[in-house]
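Everything in the sequence shown is counted per the working numbering, starting at 910 for the first residue and increasing by one. In what follows, a single structure is set out as structure tokens and then discussed.
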Amino acid sequence: YCHGGTIADPEFGSKHKCEEFTPPAQNLGPHVASLGMRFYTGTQFPARYRDQIFIAEHGSWNRSKKIGYRVTVVRIDGN
Numbered sequence: 910y911c912h913g914g915t916i917a918d919p920e921f922g923s924k925h926k927c928e929e930f931t932p933p934a935q936n937l938g939p940h941v942a943s944l945g946m947r948f949y950t951g952t953q954f955p956a957r958y959r960d961q962i963f964i965a966e967h968g969s970w971n972r973s974k975k976i977g978y979r980v981t982v983v984r985i986d987g988n
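Here is the structure:
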């Protein structure tokens, strides 16, 4: 019914309000796709990364300003 947590779908969005759904933990930008996601539980990186989510992003090459092509960390608050 909603895209990105806040944008109502033009066809189905009138059936439910976006506020009725749990918002995404991380919004990916336009023209970006997730290539993979991992919950990090290791000890190789500093402790602040433990129990967080790593997302590998594919971007768009044909933009005036490139987007994506990165690894993002989603901070989880423990809930």
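Beta carbons: idealized from backbone N, C-alpha and C, even for Gly.
What are the start and end residues of the beta strand (DSSP E) that includes H967? Q961 to H967
Does DSSP classify R947 as helix, strand or coil? strand
Would you decide whether G951 is buried or exposed? Buried here means 16 or more other CB atoms lie within 10 Å of its CB. exposed
Under the three-state DSSP convention, the category A917 falls into: strand
Beta-carbon within less than 8 Å of K975's beta-carbon, same chain only, minus the 5 sequence neighbours each way: which residues are those? G968 and S969
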